[in-house]
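Below is one structure; the comments refer to it alone.
Protein chains: 2
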Amino acid sequence: MIKQYIKEINAELIQLLGKKIDLLRGVQAPASNAGVSPLQEIKSNDDNESDIPSILNQAGVPQFVWQNLVINCQAAVKSRLPTNLQAKPRRVTIIGGGGMMGSFFAQKLSAAGHQVTILGHDDWDKAEELLNDRDLVLICVPIEYTTEVIQKTVKYLSPNTALADLTSIKTPALKTMLEYHSGAVIGLHPMFGKVQSFLSQKVVVCSGRRDEEFQWLLKLIEADGGELIHSTAEEHDRMMVAVQAIRQFTTFSLGVFLAEQELDARRSLDFASPPYRLQLGMISRLLTQSAPMVIDIMLATTESRQAIGKLAATYARLAKLVKESRREELIAEFGAIQAYLVPQMDCCLTESHHVINALSNFLNGKRQETENVGANRGSPLQKEEGRRQKAEASVF
Amino acid sequence: MIKQYIKEINAELIQLLGKKIDLLRGVQAPASNAGVSPLQEIKSNDDNESDIPSILNQAGVPQFVWQNLVINCQAAVKSRLPTNLQAKPRRVTIIGGGGMMGSFFAQKLSAAGHQVTILGHDDWDKAEELLNDRDLVLICVPIEYTTEVIQKTVKYLSPNTALADLTSIKTPALKTMLEYHSGAVIGLHPMFGKVQSFLSQKVVVCSGRRDEEFQWLLKLIEADGGELIHSTAEEHDRMMVAVQAIRQFTTFSLGVFLAEQELDARRSLDFASPPYRLQLGMISRLLTQSAPMVIDIMLATTESRQAIGKLAATYARLAKLVKESRREELIAEFGAIQAYLVPQMDCCLTESHHVINALSNFLNGKRQETENVGANRGSPLQKEEGRRQKAEASVF
Numbered sequence: 001m002i003k004q005y006i007k008e009i010n011a012e013l014i015q016l017l018g019k020k021i022d023l024l025r026g027v028q029a030p031a032s033n034a035g036v037s038p039l040q041e042i043k044s045n046d047d048n049e050s051d052i053p054s055i056l057n058q059a060g061v062p063q064f065v066w067q068n069l070v071i072n073c074q075a076a077v078k079s080r081l082p083t084n085l086q087a088k089p090r091r092v093t094i095i096g097g098g099g100m101m102g103s104f105f106a107q108k109l110s111a112a113g114h115q116v117t118i119l120g121h122d123d124w125d126k127a128e129e130l131l132n133d134r135d136l137v138l139i140c141v142p143i144e145y146t147t148e149v150i151q152k153t154v155k156y157l158s159p160n161t162a163l164a165d166l167t168s169i170k171t172p173a174l175k176t177m178l179e180y181h182s183g184a185v186i187g188l189h190p191m192f193g194k195v196q197s198f199l200s201q202k203v204v205v206c207s208g209r210r211d212e213e214f215q216w217l218l219k220l221i222e223a224d225g226g227e228l229i230h231s232t233a234e235e236h237d238r239m240m241v242a243v244q245a246i247r248q249f250t251t252f253s254l255g256v257f258l259a260e261q262e263l264d265a266r267r268s269l270d271f272a273s274p275p276y277r278l279q280l281g282m283i284s285r286l287l288t289q290s291a292p293m294v295i296d297i298m299l300a301t302t303e304s305r306q307a308i309g310k311l312a313a314t315y316a317r318l319a320k321l322v323k324e325s326r327r328e329e330l331i332a333e334f335g336a337i338q339a340y341l342v343p344q345m346d347c348c349l350t351e352s353h354h355v356i357n358a359l360s361n362f363l364n365g366k367r368q369e370t371e372n373v374g375a376n377r378g379s380p381l382q383k384e385e386g387r388r389q390k391a392e393a394s395v396f
Numbered sequence: 001m002i003k004q005y006i007k008e009i010n011a012e013l014i015q016l017l018g019k020k021i022d023l024l025r026g027v028q029a030p031a032s033n034a035g036v037s038p039l040q041e042i043k044s045n046d047d048n049e050s051d052i053p054s055i056l057n058q059a060g061v062p063q064f065v066w067q068n069l070v071i072n073c074q075a076a077v078k079s080r081l082p083t084n085l086q087a088k089p090r091r092v093t094i095i096g097g098g099g100m101m102g103s104f105f106a107q108k109l110s111a112a113g114h115q116v117t118i119l120g121h122d123d124w125d126k127a128e129e130l131l132n133d134r135d136l137v138l139i140c141v142p143i144e145y146t147t148e149v150i151q152k153t154v155k156y157l158s159p160n161t162a163l164a165d166l167t168s169i170k171t172p173a174l175k176t177m178l179e180y181h182s183g184a185v186i187g188l189h190p191m192f193g194k195v196q197s198f199l200s201q202k203v204v205v206c207s208g209r210r211d212e213e214f215q216w217l218l219k220l221i222e223a224d225g226g227e228l229i230h231s232t233a234e235e236h237d238r239m240m241v242a243v244q245a246i247r248q249f250t251t252f253s254l255g256v257f258l259a260e261q262e263l264d265a266r267r268s269l270d271f272a273s274p275p276y277r278l279q280l281g282m283i284s285r286l287l288t289q290s291a292p293m294v295i296d297i298m299l300a301t302t303e304s305r306q307a308i309g310k311l312a313a314t315y316a317r318l319a320k321l322v323k324e325s326r327r328e329e330l331i332a333e334f335g336a337i338q339a340y341l342v343p344q345m346d347c348c349l350t351e352s353h354h355v356i357n358a359l360s361n362f363l364n365g366k367r368q369e370t371e372n373v374g375a376n377r378g379s380p381l382q383k384e385e386g387r388r389q390k391a392e393a394s395v396f
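Chains as they are written, first to last, in the UniProt record's numbering: chain A, 1 to 396; chain B, 1 to 396.
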C-alpha cells in the first residue's frame with residue numbers, strides 16, 4: 001500500500017518538476033505579444049508569488065525545501081545546453097594531449113566535430129607532419145616545460161596557425177608565444193580539475209594577438225556551459241596568488257598542524273559546528289589531489305612564494321599578540337578588516353548562508369535516516385552514553 | 001496563460017511535497033503487521049527505487065534536483081517536532097538571563113511551561129529571594145565572570161537545587177561548581193550563536209554529580225531537535241582548541257593578510273573556484289560576529305594560546321620550505337598528512353562534495369536568472385569584454 005503510494009507520489013513529483021524546468025527553459029524564447037516577457041511572468045509568479053508562503057504552510061512544507069527546489073530548477077536549466085554549434089570543422093593539434101586537461105579538450109573538440117591530433121612527448125620526430133597546416137595548436141604540458149615546448153613548437157608553425165596554451169601561470173607563457181610566433185596567440189587557464197563538461201566552470205582568457213581567430217573555440221566553451229573570464233596575464237597571475245597559492249597553502253598547513261597535534265578528527269566532528277566541518281572538508285578535498293600538483297602551485301612564481309612568506313609573518317605577528325593576551329590590539333585588528341572586507345563580500349556572506357544551510361539539511365537528512373534505522377535500538381540518550389564510554393580520552 | 005500554468009504547477013508540486021513529507025514523518029510509527037516496517041518500504045522505494053533514474057531521464061529532470069529534494073524532505077521531517085513534553089513545571093533561575101544565550105534558554109524553558117526568573121547583574125540584593133528553593137539555577141554570564149559568579153551563587157543554594165553553567169570552557173567552571181555546591185551539578189556548552197530553536201544544534205554535556213536531576217532539561221533540548229554530545233570537561237576543552245580557537249584564528253588571520261595585501265576581493269571572485277568562494281565566505285561569517293567574542297575564544301585558555309603559537313610555528317616552518325623551493329620535502333609533508341588524515345575524514349569529503357555542488361547550483365541558478373534578465377543586452381562575450389575594460393589593474 002504505502003509502497004505503491006510513495007511510488008505514485010514520486011512519479012507525479014518528477015513529472016511536475018520536468019514541466020517546471022521546461023517552462024523555465026522556454027523563458028529564453030522571445031517576448032510574448034502581450035508585451036510581458038514569459039520571464040517576467042515567471043519571475044513574479046515563481047520565486048516571489050505571494051500565495052506561496054501560505055500554500056507551503058497549509059501543506060506543511062518548510063520554506064527551505066521550496067527555496068532549494070526553485071534554485072535547483074534554475075540550475076537545471078543551465079545544465080542542459082545545446083552542444084551542436086555547427087561550426088566549421090578545424091584541424092587542431094594538442095601538444096600533451098595525454099594529460100587530464102589535454103584529453104578533456106581533445107574529447108570536447110572531437111565531439112564538436114573538429115579534427116584533433118595529439119602530439120605526445122615521444123612524437124617530436126613526427127612534429128613536421130603533426131603541426132603543419134593546423135588551424136589551432138594547443139599547448140597543455142606541465143608548467144615547468146611550457147616555455148621550452150613553445151620554443152620547440154613554433155619552428156613548425158605557419159603564421160596562419162593560431163597558438164594557445166593552458167598553463168596556470170600566464171605571463172611568461174604568453175610573452176614567449178608572442179615573441180616566437182607571428183600568428184594569432186591567446187593564453188587560456190581552465191580553472192578546474194577533472195570534470196565531464198565545461199558546465200559552470202571558469203576559463204580565464206588572456207588576450208594575445210588577433211583574438212578573433214579564437215572566437216570559435218571560446219564559443220564552444222561557452223556553449224558547453226563554461227564561463228569566460230577576460231583578464232591580462234599580469235592580473236591573472238596576481239589573482240592566482242590569492243585564489244590558488246594562498247588558499248592551498250593555508251589549507252595544507254592547517255592539515256599539517258592538525259596531524260602534528262594528532263587530532264582525533266573523527267571525534268572532533270562530534271563537537272563540530274558546520275564551519276569547522278567545512279574546514280576539514282576543504283582539507284580532505286585538497287588531499288585527494290596529487291601532491292606535486294598542489295606543491296607546484298605554491299612554488300610556481302616568485303610572487304606566490306613571497307606572498308606565502310608574508311602570510312606566515314602575519315600569522316606570527318598575530319600569534320604573538322595572542323600569546324601575550326593583547327586583547328585590545330586584536331580587537332582593533334578585527335575592526336580594521338571588518339571595515340575593509342565586509343563591504344566587498346556581501347555575496348560571499350549570502351553564499352555561505354546557503355552553503356551552511358545546505359550542509360545542515362544534509363546532516364539532518366542523514367541523522368533522520370540513522371534515527372529511523374536505529375529507532376528500536378535504545379533512546380538517543382542511551383546511544384550518546386554508549387558513544388561517550390567508547391570515546392577515547394587523549395584526543396588533542 | 002503561462003502565469004496561470006506556473007501557478008498551478010507550483011501549487012500541485014507543493015501539495016505533493018506535503019504528502020511526501022507526511023509519509024516520511026509517519027515512518028516513525030511502529031512496524032506494520034505485514035512484518036515489513038513502513039521505513040523499509042520507503043527506503044527501498046524512495047532513495048533507491050530503481051525506476052527513478054529512468055523516470056527522471058524521461059521527464060528531463062537532472063539527478064541532482066531529485067537527490068537534493070530527497071535530502072531536504074528528510075531534513076523537513078526533523079524540522080517539525082513535538083514540543084509539548086508535558087513535563088512537571090520546574091522553578092528555574094537564570095543568572096545572566098539578559099544575554100543572547102540566557103534569553104534563548106529563558107524563552108525555551110518558559111515555552112515548555114516552566115517558571116523562569118532572571119537574575120541580572122543589578123539583582124544581587126534580591127539574590128536570597130531569586131535563588132531560594134529552585135529546581136534549577138543556570139549560570140550564563142560571560143566567561144571571565146563565571147568562577148566568581150558561581151562562588152557568589154552557591155551561598156544561596158540548597159542542596160536540592162541543581163546547578164548548571166553554559167560557559168564555553170568547561171574544566172574550571174565544572175570544578176568550581178563541584179567544589180562549592182553539594183547538590184546536582186552539570187556543565188553544558190551550547191555550540192551555537194543566535195538561533196530560533198535547538199534544531200540541529202549541538203549541546204555538549206559534561207557530567208558533574210547526579211546527572212539524573214537534569215534529564216528533564218536534556219530531554220527538552222532533544223525534543224526541540226538539539227543533539228547532545230557527552231564528553232568530559234577536559235576532552236571538551238581540548239576539542240574546543242581545534243573546533244573553535246584554531247579555526248577562528250586561521251580565518252581571522254587570513255582576513256588580516258588579505259586586507260594587508262589590499263586584495264580586490266570582488267574582482268578575485270571572478271576568478272574564484274567554489275573552494276575559494278567558501279574561504280571568503282567563512283571570513284565574512286566571522287566578521288559578522290562581535291570582535292570581543294571572537295578574540296576571547298582565542299585567548300580563553302593557556303592551551304588555546306599555546307596551540308595558536310604552535311600553529312604559527314608550523315606555518316613559518318612550511319613557508320620557509322616554500323621560500324627555498326624545497327619541493328621534495330613539501331611533497332613528503334603532503335604525503336604524511338594524507339596518510340594520517342584521509343582515513344579519518346571520509347564523511348568530511350562526502351559533505352564537501354555536497355556543499356560544493358550546492359554552491360555550484362546556487363551560482364548557476366543566480367547566473368541563469370541574470371542571463372535571462374540581461375538576454376537582450378548583448379552577448380556574454382560582449383559583456384565580458386565590458387567588464388574587462390572596467391577591471392582595474394592593481395588588485396593584489
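Note that the Cβ used here is the ideal one computed from N, Cα and C, for glycine as well. Quick caveat: nothing in here was measured; it's all calculated off a predicted structure.
For A:L341, the uninterrupted alpha helix (DSSP H) run begins and ends at R327 to L341, by DSSP.
In summary, A:R305 is buried, with 16 or more beta-carbon neighbours lying within 10 Å of its beta-carbon over all protein chains present. Between B:I94 and B:L138, the C-beta spacing is below 7 angstroms.
Contact of A:L130 with chain B by beta-carbon distance below 8 angstroms is absent, the smallest such distance being about 31 angstroms. When C-beta distances to chain A are compared with 9 angstroms, the residues of the segment 53-68 of chain B below that value are I55, L56, Q58, A59, G60, V61, P62, F64, V65, W66 and N68, in chain order. When secondary structure is reduced to three states using DSSP, A:C348 falls in the helix class. Counting only the Cα atoms, B:S110 lies some 51 angstroms from A:L199. Residue burial annotation: A:H353 is exposed, with fewer than 16 other C-beta atoms found within 10 angstroms of its C-beta.
For the C-beta of B:S200, the chain A residues within less than 7 angstroms are, from N- to C-terminus, S360, L363 and N364.
By the CB criterion at 7 angstroms, B:L163 and B:M177 fall inside the cutoff.
Contact between B:V205 and B:I229 holds, since their C-beta atoms are separated by about 7 angstroms, short of 8 angstroms. At a cut-off of 7 angstroms between beta-carbon atoms, A:L16 makes contact with chain B. Taking all protein chains shown into account, A:H121 has fewer than 16 neighbouring C-beta atoms within 10 Å of its C-beta and is therefore exposed. Rounded to the nearest whole angstrom, the CA to CA distance from A:V322 to B:I9 is 57 angstroms.
Within chain B, the residues L287 have their CB atoms less than 7 angstroms from the CB of A:Q338, given in chain order.
For the segment 95-108 of chain A, the set of positions with a beta-carbon nearer than 8 angstroms to some beta-carbon of chain B is empty. One thing to note: B:A358 has its Cβ no nearer than 7 angstroms to the Cβ of B:I297.
Taking C-beta atoms under 8 angstroms as the contact rule, B:E213 and B:A184 qualify, at a distance of about 4 angstroms.
In the three-state scheme derived from DSSP, where H, G and I count as helix and E and B as strand, A:V92 is classed as strand. Restricted to the segment 119-156 of chain A, the alpha helix (DSSP H) segments that are unbroken, complete and at least 4 residues in length are 127-131 and 146-154, listed in chain order. If you look at A:L318, you'll find it in the alpha helix (DSSP H) that goes T302 to K323.
About 6 angstroms separates the Cβ atoms of A:S273 and B:M191, confirming a contact at the 8 angstroms cut-off.
Setting aside the 5 residues that flank it on each side, A:G226 is surrounded in the same chain by F198, Q201 and V203, each with a C-beta closer than 6 angstroms to its C-beta; the list follows chain order.
Here B:P343 is exposed. Its C-beta has fewer than 16 other C-beta atoms within 10 Å. Counting C-beta atoms within 10 angstroms of its own C-beta, B:D135 has 16 or more neighbours from the protein chains shown and is therefore classed as buried. Beta-bridge pairing by DSSP links B:C206 to B:G187 and B:S231. Nearest Cα to A:L299 within the set A:K320, A:S182, A:V141 and A:D237: A:D237. Taking 7 angstroms as the cut-off, the Cβ atoms of B:P292 and A:I337 do not count as close. The residues P89, R90, R91 and V92, in chain order, have a CB closer than 8 angstroms to that of A:Q115 in the same chain once the five nearest residues on each side in sequence are set aside. Residue pairing from DSSP places A:Q115 in a beta bridge opposite A:R91. With fewer than 16 other Cβ atoms inside 10 Å of its own Cβ, B:E328 counts as exposed. At a cut-off of 7 angstroms between beta-carbon atoms, A:Y145 makes no contact with chain B. Inclusion of B:Q15 and A:A59 in the CB contact set at 7 angstroms is warranted, their separation being smaller than that value. Below the 8 angstroms Cβ cutoff, chain B contributes P275, Y276 and Q279 as neighbours of A:R247, in chain order. The beta-carbon of B:I186 is placed no less than 7 angstroms from the nearest beta-carbon of chain A. In terms of beta-carbon proximity, B:D270 lines the interface with chain A, with at least one pair separated by less than 7 angstroms.
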